[in-house]
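Colleague: A single structure is presented below for examination.
In this note's numbering, the protein residues as written are 3 to 405.
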């Protein structure tokens, strides 16, 4: 799915600026980000109410991530002929239904099914949205435009997740999902009003899309995305028990720490978009270095309240700063199927989320809760190593061609 020059004119914004239609994508991203991340703040509440262990409750995150990883590319392929605006409206309706079912879920199995249903909207929304965002601006501002859309995720971390956590801790976890469903309604209205009717290029065949997707270079970057996210979620999935049981914070204090984490995420997202527009690959690798250092440091600082909070801020900033650059890099590799490639990057990322949540649960069971940060650092370090190897390989290939 690509937007034509005609569509850009219809958006009413010059290529040099950010169009108002990006705001609707930001609102949708906020709602999706809220439903993805709020579960981490209310994990103990869900576990207690449904009579399951913390590790079992953590698998609600794992299955959500798997729902994105498996379902998003399939849904994108099946819906690639649907106009972008109609597709986004359909996705937001599905999102509202999924969160509505979560509110009334009578048991763990039904809640799990509702989470998977909601997950189907995630990757396709961001995949199509990233293509729209990137094509509404000048080429040298593509990462910046994607970061504007992704700002919805970061704002969700600052406002939505802490608010959802507060609601869940004081009114019950079901009320958190009720609030998210209402946010979905607001996002649906925003998409309906602000997204213009976009003229699409002729759709390429499913075979051509898949061929563009399985190129070795693209698969390498999907692997990098998966490894980086696995390191993030191995720790972030269990951030509440880490801060309460290891650092010694009261449960209600976690809300405000998540606010600070969200501020770091927002700062990182904005800075990461600008860095990626400046120097794409060096910025990606440099940010991964920062994340590895932050997670390694968290292994030690998690035992001190002030040091832990400061480290978590830096970790959050780095973890989201890398995302706009990765998104643009993946779309640029798969020119023939940018929407599918963009969606697949979220699938790869959420596969990493699932692996990370699973690995984190395994670490808690077989090692210790305090071991999570250094395990996360190893996983992100693998992403850094693969990325560095890819860049060196590309440069060597260019050198050989010049000779």
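Built from N, CA and C at the ideal position, the CB exists for glycine as well. Fair warning: this is a prediction, and the values are worked out from it, not measured in the lab.
1) Can you tell me which of 256, 236, 231 puts its alpha carbon nearest to the alpha carbon of residue 242?
2) Starting from residue 253, follow the alpha helix (DSSP H) in both directions and report where the run begins and ends.
3) Whole angstroms is fine: what's the gap from residue 344's alpha carbon to residue 63's?
4) Beta-carbon within less than 7 Å of residue 273's beta-carbon, same chain only, minus the 5 sequence neighbours each way: which residues are those?
5) Between the beta-carbon of residue 305 and the beta-carbon of residue 268, is there less than 8 Å?
6) Can you find the residues in the same chain that come closer than 8 Å, C-beta to C-beta, to residue 380, ignoring five residues on each side of it along the sequence?
7) Looking at C-alpha atoms only, which residue of 23, 97, 59, 399 is the closest neighbour of residue 192?
8) Is the separation between the beta-carbon of residue 189 and that of residue 29 shorter than 8 Å?
9) In its own chain, which residues sit with a C-beta less than 8 Å from the C-beta of residue 282, not counting the 5 before and 5 after it?
10) Considering only the alpha carbon of each residue, which of 36, 362, 185 lies closest to residue 158?
11) Determine the burial state of residue 247: buried for a count of at least 16 other Cβ atoms within 10 Å of its Cβ, exposed for fewer.
12) Hey, could you find the ends of the alpha helix (DSSP H) residue 369 is sitting in?
13) Determine the DSSP secondary structure at residue 164, reduced to helix, strand or coil.
14) On the DSSP letters alone, give me the boundaries of the alpha helix (DSSP H) that residue 191 sits inside.
15) In this structure, does DSSP put residue 83 in helix, strand or coil?
16) Apply the 10 Å Cβ neighbour rule to residue 317 and answer buried if 16 or more other Cβ atoms are within range, or exposed otherwise.
17) Below 8 Å between beta carbons: does that hold for residue 59 and residue 71?
18) Could you pull out every unbroken alpha helix (DSSP H) segment of at least 4 residues lying fully inside the region 42-129, listed in chain order?
19) Can we say the region 171-185 touches the region 275-294, given the rule of at least three CB pairs closer than 8 Å?
20) Please report the straight-line C-alpha distance between residue 299 and residue 361, rounded to a whole angstrom.
21) Could you name the residues of the same chain whose beta carbon sits closer than 8 Å to that of residue 164, not counting the 5 residues immediately before and after it, in chain order?
22) Are residue 296 and residue 320 close, meaning C-beta to C-beta below 8 Å?
23) Taking residue 370 as the reference, give the member of 236, 356, 399 with the closest Cα.
24) If contacts are defined as beta-carbon pairs under 8 Å, then residue 162 and residue 32 qualify, I think. What distance do you get, rounded to the angstrom?
25) Closer than 8 Å by C-beta to residue 229: which residues in its own chain qualify, once you throw out the five before and the five after it? Chain order, please.
26) CA-CA distance, residue 333 and residue 41?
27) Taking the alpha-carbon positions, what's the residue 123 to residue 105 distance?
28) Should residue 397 go down as buried or exposed, given a rule of 16 or more other Cβ atoms within 10 Å for buried?
29) In the DSSP assignment, the alpha helix (DSSP H) including residue 292 goes from what residue to what residue?
30) Need the endpoints of the alpha helix (DSSP H) that residue 313 sits in, please.
31) Going by Cα to Cα distance, which pick from 26, 393, 102 is closest to residue 117?
32) If you reduce the DSSP assignment to three classes, tell me which class residue 140 lands in.
33) In chain order, what residues of the same chain have a beta carbon less than 8 Å from the beta carbon of residue 166, not counting five sequence neighbours either side?
34) Determine the direct distance from the alpha carbon of residue 66 to that of residue 352, and round the result to whole angstroms.
35) Rounded to whole angstroms, what is the Cα-Cα separation between residue 335 and residue 219?
Modeller: Per the coordinate set shown:
1) Here residue 242 is taken as the residue at index 240 of the chain shown, counted from 1. For residue 242, the closest of 256, 236, 231 by C-alpha to C-alpha distance is 256.
2) In the chain shown, the residue the question calls residue 253 occupies position 251. Under the DSSP assignment, residue 253 falls outside any alpha helix (DSSP H); it carries neither an H nor an E label.
3) Taking the chain shown and counting its residues from 1, the one referred to as residue 344 is at position 342. Taking the chain shown and counting its residues from 1, the one referred to as residue 63 is at position 61. Cα to Cα, residue 344 sits roughly 21 Å from residue 63.
4) Position 271 of the chain shown, counting from 1, holds the residue named residue 273. These residues qualify, in order along the chain: 323.
5) Counting from one through the chain shown, the residue named residue 305 turns up at place 303. Counting from one through the chain shown, the residue named residue 268 turns up at place 266. Not in contact: residue 305 and residue 268 (Cβ atoms no closer than 8 Å).
6) For this step, residue 380 is matched to residue 378 along the chain shown. Cβ neighbours of residue 380 within its own chain (closer than 8 Å, five residues either side excluded): 233.
7) Counting from one through the chain shown, the residue named residue 192 turns up at place 190. Distance check between residue 192 and each of 23, 97, 59, 399 places 23 closest, using alpha-carbon atoms only.
8) By 1-based counting over the chain shown, the position of residue 189 is 187. By 1-based counting over the chain shown, the position of residue 29 is 27. Closer than 8 Å, so yes.
9) Sequence index remark: in the chain shown, residue 282 carries index 280 (1-based). Closer than 8 Å at Cβ, skipping near neighbours: 145, 327, 330, 331.
10) Counted from its first residue, the chain shown places residue 158 at position 156. Distances from the CA of residue 158 to each of 36, 362, 185 were compared; the closest alpha carbon is that of 36.
11) Counting from 1 along the chain shown, the entry for residue 247 is found at position 245. Residue 247 comes out exposed.
12) Mapped onto the chain shown, residue 369 falls at position 367. Note, residue 369: premise wrong, no alpha helix (DSSP H); not H, not E.
13) Translated into positions along the chain shown, residue 164 becomes position 162. Helix.
14) Here residue 191 corresponds to residue number 189 of the chain shown, with the count starting at 1. Looking at the DSSP string, the run of the alpha helix (DSSP H) that includes residue 191 is 175-196.
15) The residue labelled residue 83 in the question sits at position 81 within the chain shown. In the structure shown, residue 83 sits in coil (DSSP, three-state: anything other than H, G, I, E or B).
16) Mapped onto the chain shown, residue 317 falls at position 315. Result: buried.
17) In the chain shown, residue 59 corresponds to position 57, counting from 1. In the chain shown, residue 71 corresponds to position 69, counting from 1. It is not a contact, given that the beta carbons lie outside the stated cut-off.
18) For the region 42-129, whole alpha helix (DSSP H) runs of length 4 or above, ordered along the chain, are 45-52, 56-80, 86-106.
19) No, they do not touch.
20) In the chain shown, the residue the question calls residue 299 occupies position 297. In the chain shown, the residue the question calls residue 361 occupies position 359. Cα-Cα distance, rounded: 20 Å.
21) Position 162 of the chain shown holds residue 164. These residues qualify, in order along the chain: 43, 257, 258, 260, 261, 264.
22) Taking the first residue of the chain shown as position 1, residue 296 is located at position 294. Taking the first residue of the chain shown as position 1, residue 320 is located at position 318. Contact: yes.
23) On the chain shown, position 368 is the one that residue 370 refers to. Taking only the C-alpha atoms, the option nearest residue 370 is 236.
24) Position 160 of the chain shown holds residue 162. Position 30 of the chain shown holds residue 32. Yes, residue 162 and residue 32 are in contact; Cβ-Cβ is about 6 Å, under 8 Å.
25) Counting from 1 along the chain shown, the entry for residue 229 is found at position 227. If we look at residue 229 and ignore the five residues flanking it on each side, its Cβ neighbours are 354, 381, 382, 384, 385, 388.
26) The sequence position of residue 333 within the chain shown is 331, counting from 1. The sequence position of residue 41 within the chain shown is 39, counting from 1. When rounded, the separation of the alpha-carbon atoms in residue 333 and residue 41 is 30 Å.
27) In the chain shown, counting from the first residue as 1, residue 123 sits at position 121. In the chain shown, counting from the first residue as 1, residue 105 sits at position 103. The straight-line gap from Cα to Cα measures roughly 18 Å.
28) The sequence position of residue 397 within the chain shown is 395, counting from 1. Residue 397 is exposed by the Cβ-count criterion.
29) Locating residue 292 in the chain shown gives position 290, where the first residue counts as 1. Residues 282-303.
30) In the chain shown, the residue the question calls residue 313 occupies position 311. First-last of the alpha helix (DSSP H) with residue 313: 307-335.
31) The residue labelled residue 117 in the question sits at position 115 within the chain shown. Of the residues 26, 393, 102, the one whose Cα lies closest to the Cα of residue 117 is 102.
32) Translated into positions along the chain shown, residue 140 becomes position 138. When DSSP states are grouped into helix, strand and coil, residue 140 belongs to the coil group.
33) Stepping through the chain shown from its first residue, residue 166 is reached at position 164. Excluding residues within five positions, the ones whose Cβ falls inside 8 Å are 36, 40, 43, 44, 178, 181, 182.
34) Residue 352 sits at position 350 when you count from the first residue of the chain shown. Residue 66 sits at position 64 when you count from the first residue of the chain shown. Using only the alpha carbons, I get a separation of about 8 Å.
35) The sequence position of residue 335 within the chain shown is 333, counting from 1. The sequence position of residue 219 within the chain shown is 217, counting from 1. Answer to the nearest angstrom: the Cα atoms are 7 Å apart.
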